[in-house]
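*Asks:* This is the structure, below, for whatever I ask next.
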Amino acid sequence: DKYVPIKGIAYYPRPNAGSLSESNSVDFYTDEFSDRWTVDIANMKELGVNAVRLYAVDPSANHDAFMCTLQQAGIYVMLGLLADCEDCGIGAWVGKDAEPPLCYTSTLKERGRFVIRSFSKYDNVMAFSAGNEVSIYADDGEGGPREANVPCQKKFIRDTVRTNFVCDFATSTVFGCILFFSVFLFL
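Just so you know, we're using the working numbering here: the sequence shown kicks off at -9 and counts up by one.
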């Protein structure tokens, strides 16, 4: 076993002003925004960053240049499966006591699978993340704790990875095949 210390950041280069600042679902990791991320990746490399957590990817877009630039800088990727968009959250809003999988939409599950299929080809993907964004919209009743949403998130992960996804990319020798489950509780 090889020890790999992680020095990472959450990376979503949304500007502070202008039309692009108004959405949390812009995919900034495409060629269209290469002038932005090329400089950022060089700065990350200089700082010794070796891992980034990405948000709001469009799995239908081409990310080859971005992922290659990260790989050349020695940076691994943890990729969020979800986004801040319609039908992109998990929660009991479909019914107060909704049991999984009724607490997330089929389109959400398909999006997660699409992200995994689209990004598993890159050697520097170390994990996929299902959590955080999905609990933003959790409505567990007035004053209800967010942890009531956890069973739905766990079920979403199990259902999402039940694909033909095979962990065969190069990082599997270092990190294994990981689907990371993150839950942030807002109490």
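We put the beta carbon where it would ideally sit given N, CA and C, even for glycine.
So, is ASN114 buried or exposed, given that buried needs 16 or more other C-beta atoms within 10 angstroms?
*Replies:* buried
*Asks:* Could you give the first and the last residue of the continuous beta strand (DSSP E) run that contains ARG107?
*Replies:* Unbroken run through ARG107 is the alpha helix (DSSP H), 96 to 109; no beta strand (DSSP E).
*Asks:* How many angstroms separate the CA atom of VAL47 from the CA atom of VAL105?
*Replies:* 8 Å
*Asks:* Roughly how many angstroms lie between the CA atoms of PHE56 and THR20, to the nearest whole one?
*Replies:* 7 Å
*Asks:* Could you tell me whether the Cβ atoms of GLY102 and LEU69 are closer together than 7 Å?
*Replies:* no
*Asks:* How many Å lie between SER13 and VAL(-6) at the Cα?
*Replies:* 34 Å
*Asks:* Anyone know if the C-beta pair for ILE(-1) and VAL42 falls short of 7 Å?
*Replies:* yes
*Asks:* Residues bridged to ALA46 by DSSP?
*Replies:* Answer by DSSP bridge pairing: none, since ALA46 is not bridged.
*Asks:* Measure the alpha-carbon distance for ILE31 versus GLN62 and round it to whole angstroms.
*Replies:* 10 Å
*Asks:* Between PHE146 and LYS(-3), what straight-line distance do the alpha-carbon atoms span, to the nearest angstrom?
*Replies:* Counting only the Cα atoms, LYS(-3) lies some 28 Å from PHE146.
*Asks:* Tell me which residue opens and which closes the beta strand (DSSP E) that ALA63 is part of.
*Replies:* Neither: ALA63 is in no beta strand (DSSP E) and is coded neither H nor E.
*Asks:* Classify GLY8: buried if its beta carbon has 16 or more other beta carbons within 10 angstroms, exposed otherwise.
*Replies:* exposed
*Asks:* Taking the beta strand (DSSP E) that ALA0 falls in, what are its first and last residues?
*Replies:* In the DSSP assignment, ALA0 falls within the unbroken beta strand (DSSP E) covering -2 to 1.
*Asks:* DSSP on ASP17, reduced to helix/strand/coil?
*Replies:* coil
*Asks:* Near GLY38, what residues of its chain come up, given a Cβ to Cβ distance below 8 Å and the 5 sequence neighbours on each side ignored?
*Replies:* LYS(-3)
*Asks:* Taking the Cβ atom as the reference point for each residue, do ALA26 and PRO49 lie within a distance shorter than 7 Å?
*Replies:* Checking the displayed sequence, the identity of residue 26 turns out to be Arg instead of Ala. With respect to the 7 Å criterion, ARG26 and PRO49 are not classified as neighbours on the basis of their beta carbons.
*Asks:* When you compare the CB positions of SER15 and ALA51, do they come within less than 7 Å of one another, or not?
*Replies:* no
*Asks:* Spatial neighbours of TYR45 within its chain, please: CB distance less than 7 Å, with the 5 preceding and 5 following residues excluded, ordered by chain position.
*Replies:* TYR2 and GLY70
*Asks:* Looking only at its own chain, which residues have a Cβ that is under 6 Å from the Cβ of GLU22, when we skip the five neighbours before and after it?
*Replies:* Here the set comprises nothing.
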